[in-house]
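Structure record follows, encoded as structure tokens.
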Amino acid sequence: MATFDCLLKTYGFLTPEFRKETRFSKSPFQEYTDLLASGKPTKPLAIEDIADQIEA
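Heads up, the sequence shown is in my numbering, so the first residue is 76 and it goes up one at a time.
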């Protein structure tokens with residue numbers, strides 16, 4: 076009987092109308108799917124430029 080009472084109280088607390096609305100953000104894969112599927116490079120990456128920024 077105690078288990079049933081606990082489950083009843085837990086379910087009453089966890090029902091959807093008492094939960095806050097959750098807004099999920101898109102993962103980078105979902106956000107840039109079209110860009111990744113096109114296969115076109117957007118900007119060439121120069122290793123030398125990055126090395127200069129690290130040293131500076």
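Positions of the beta carbon are idealized from the N, C-alpha and C atoms, including for glycine.
For residue i, the first and last residue of its enclosing alpha helix (DSSP H)
{"i": "P91", "result": "Note, P91: premise wrong, no alpha helix (DSSP H); not H, not E."}
{"i": "T97", "result": "Where T97 is concerned, there is no enclosing alpha helix (DSSP H), given that its DSSP letter is neither H nor E."}
DSSP three-state assignment for residue i, whether helix, strand or coil
{"i": "K84", "result": "helix"}
Nearest to residue i (by Cα), restricted to the options the options
{"i": "R94", "options": "T85, S100 and S102", "result": "T85"}
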